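The sequence shown begins at 1 in full-length UniProt numbering and counts up by one. Where is the CB? At the ideal position from N, CA and C, for every residue including glycine. Note that the coordinates shown come from a computational prediction; the quantities given were computed from them, not determined experimentally. Read the structure below first, then the notes.
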Amino acid sequence: SATQGSLTSLTVVENAEGGEGAGGGKEEELPVEEVVQPSEEWQTLKPGQAVPAGSHVRLNLQTGQREVRLGEEQLKYWTQNHRCGPRVTPDSYRLGAAESLASKFLPLEELKRDMAQLELLVETDFQIMKRLLEQLNSSGSTVEQKLSVLLELEYLVHQVDNAQSLCTMGGLELILQGLNSSDVRLQESSAFVLGSALSGNPVVQVKVVESGALQTLLTLLATSKPLKVKKKVLFALASLLRHFPYAQRQILSHGGLQVLSELFRADEGGVLRTRIVTMLYDMISEKVHKTERVRQYAAVSLQAELLEKGWCILVPQLLESTEHDDREKALHALLVMAPVCLEQYRLNSSLLGSLLSLRDQYQGMVQTEMVLGEEHGYFAEILELIDALQVQVK
Ligand SMILES: *[C@@H]1O[C@H](CO)[C@@H](O)[C@H](O)[C@H]1NC(C)=O
Ligand SMILES: *[C@@H]1O[C@H](CO)[C@@H](O)[C@H](O)[C@H]1NC(C)=O
Ligand SMILES: *[C@@H]1O[C@H](CO)[C@@H](O)[C@H](O)[C@H]1NC(C)=O
Numbered sequence: 001s002a003t004q005g006s007l008t009s010l011t012v013v014e015n016a017e018g019g020e021g022a023g024g025g026k027e028e029e030l031p032v033e034e035v036v037q038p039s040e041e042w043q044t045l046k047p048g049q050a051v052p053a054g055s056h057v058r059l060n061l062q063t064g065q066r067e068v069r070l071g072e073e074q075l076k077y078w079t080q081n082h083r084c085g086p087r088v089t090p091d092s093y094r095l096g097a098a099e100s101l102a103s104k105f106l107p108l109e110e111l112k113r114d115m116a117q118l119e120l121l122v123e124t125d126f127q128i129m130k131r132l133l134e135q136l137n138s139s140g141s142t143v144e145q146k147l148s149v150l151l152e153l154e155y156l157v158h159q160v161d162n163a164q165s166l167c168t169m170g171g172l173e174l175i176l177q178g179l180n181s182s183d184v185r186l187q188e189s190s191a192f193v194l195g196s197a198l199s200g201n202p203v204v205q206v207k208v209v210e211s212g213a214l215q216t217l218l219t220l221l222a223t224s225k226p227l228k229v230k231k232k233v234l235f236a237l238a239s240l241l242r243h244f245p246y247a248q249r250q251i252l253s254h255g256g257l258q259v260l261s262e263l264f265r266a267d268e269g270g271v272l273r274t275r276i277v278t279m280l281y282d283m284i285s286e287k288v289h290k291t292e293r294v295r296q297y298a299a300v301s302l303q304a305e306l307l308e309k310g311w312c313i314l315v316p317q318l319l320e321s322t323e324h325d326d327r328e329k330a331l332h333a334l335l336v337m338a339p340v341c342l343e344q345y346r347l348n349s350s351l352l353g354s355l356l357s358l359r360d361q362y363q364g365m366v367q368t369e370m371v372l373g374e375e376h377g378y379f380a381e382i383l384e385l386i387d388a389l390q391v392q393v394k
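See below:
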């Protein structure tokens, strides 16, 4: 028999009893784990199915399922065995009863060690990304295939290490090419991957700024693109700027605030406005923190930009929204902008009235919150913001 020494021989156990019926009853009594016998052809793995050590496992992107086929070593064994031995079909290779398990398999620890050595059982994230990037880079891939690759990448780059691998493997260039694609779906998905890779990842933030992508992102926002694309591009831009003063200075010198204020004005439906104001708020409030510590940072003419691009007039508009979240973001931004914008706030005859009416509304809601046992709830927070602003505008 083929069990001595060879690792690959572990993978097959001939069912000595032969036919289907013979072992049947016995197998039902025993909790024998199902082990799939790979062949030269790829076959789909069902959940819970195991494969022998040395098998080649891959993820099928079309179906999202794992597939198995014989590994290199196994293939050698397979062909040798099939040349020398009696003709057997893959079906005749299957797990037998408990005795066969005990006598023909190596002890579990030994098996595990061998598996680890072979490292063939599971594709690592790195290997998956390499394969995905090859598919993305292939001229033979269809747009649909590329979209599904981007979706997988977006999932993987949430992990800090994976996002950094993306850069070292040359994937960033491919994503940036995707942003420049003539297909808006590829643009949208590429921006999504970029935003996720950038989120909380300083190493990637630096790489992306160095690549000059900031200009590409701003250009996408400044040109007529579908809303879906702009949303994802804004996401990428916000992730790039977050906690990253260098990129924040860059966006100022690239005329970014102008682009954003135009986008705010054009966004009739108001879908992007909250995101834009949130970004603005992040930038200003970070700058406020920074200027307390680092004097030179104040050189950035963010304040002048706020006035010049009309933000003091634009942001109050967001208070008109019926969404609590929008109002909260607007209030935060209005407060942090107050040192620059106060004069303009006061010139707006309806702003104080709006604040007072919002105040009434939220006071009622805070009462309800307290009845429900929330001492310092969300609405109480909004009420505090309104009060703080109202005191200044009065
Ligand atoms: C994409 O393909 C080009 C040319 O075929 C090659 O130079 C480049 O290194 C590839 N990039 C990646 C990330 O595979
Ligand atoms: C994308 O297009 C812009 C201008 O249209 C160009 O400057 C940039 O190099 C392009 N990026 C890539 C990766 O092709
Ligand atoms: C004045 O404030 C209101 C919100 O209360 C806002 O809708 C409006 O656009 C503002 N007008 C100007 C000129 O700032």
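Per-residue burial, residue i [other beta carbons within 10 Å of its own, 16 or more giving buried]
i	result
Gly85	With a pLDDT of only 38 at Gly85, under the threshold of 50, the placement of this residue in the model should not be trusted; the figure read from the coordinates follows. That one is exposed.
Arg113	exposed
Arg94	Caution applies to Arg94, whose pLDDT of 43 falls short of 50 and renders its modelled position unreliable; the model cannot decide the point.
Val371	exposed
His332	buried
Asn180	exposed
Arg242	buried
Leu237	buried
Ala266	exposed
Contact under 8 Å by Cβ, residue i with residue j
i	j	result
Lys309	Leu257	yes
Thr274	Lys329	yes
Arg66	Glu40	no
Val35	Leu45	no
Met283	Cys312	no
Val209	Gln250	yes
Gln159	Val204	no
Leu252	Val233	no
Leu166	Ala197	yes
residue 447	Leu59	As shown, the chain starts at 1 and ends at 394. That puts residue 447 outside it, with no answer to give.
Val271	Leu227	yes
Val315	Val340	no
Beta-bridge pairing of residue i - partner residues as DSSP gives them
i	result
Ala50	Val35
Thr44	Glu67
Distance cut-off 7 Å: residue i Cβ against heavy atoms of ligand 5
i	result
Ser224	Looking for ligand 5 in the displayed structure turns up nothing; the ligands present are ligand 1, ligand 2 and ligand 3.
Proximity to residue i [Cα-Cα], best of the options
i	options	result
Lys394	Leu319, Arg346, Val229	Arg346
Gln127	Val57, Leu172, Leu186	Val57
Glu262	Ser224, Leu172, Glu374, Arg359	Ser224
Leu214	His254, Gln177, Arg185	His254
Ala247	Lys207, Gly71, Ala163	Lys207
Gly269	Ser285, Asp326, Phe235	Asp326
Ser148	Lys130, His158, Gln135	Gln135
Lys146	Val184, Pro38, Leu358	Val184
Tyr281	Val229, Leu260, Arg265, Ala266	Leu260
Lys230	Asp360, Ser189, Asn201, Ser211	Ser189
Residue interval of the beta strand (DSSP E) (run including residue i)
i	result
Lys59	With the sequence shown as reference, residue 59 is identified as Leu, and Lys is not the correct amino acid for it. Counting along the chain, the beta strand (DSSP E) containing Leu59 begins and ends at 56-59.
Arg66	66-69
For residue i, the first and last residue of its enclosing alpha helix (DSSP H)
i	result
Leu241	227-241
Lys329	324-347
Ser190	184-198
Lys146	143-156
Thr223	No alpha helix (DSSP H) contains Thr223, which DSSP labels as neither H nor E.
Met169	No alpha helix (DSSP H) contains Met169, which DSSP labels as neither H nor E.
Gly364	351-371
Gln303	302-308
Lys130	125-137
Asp387	378-393
Gln258	256-266
Ser253	245-253
Leu314	311-317
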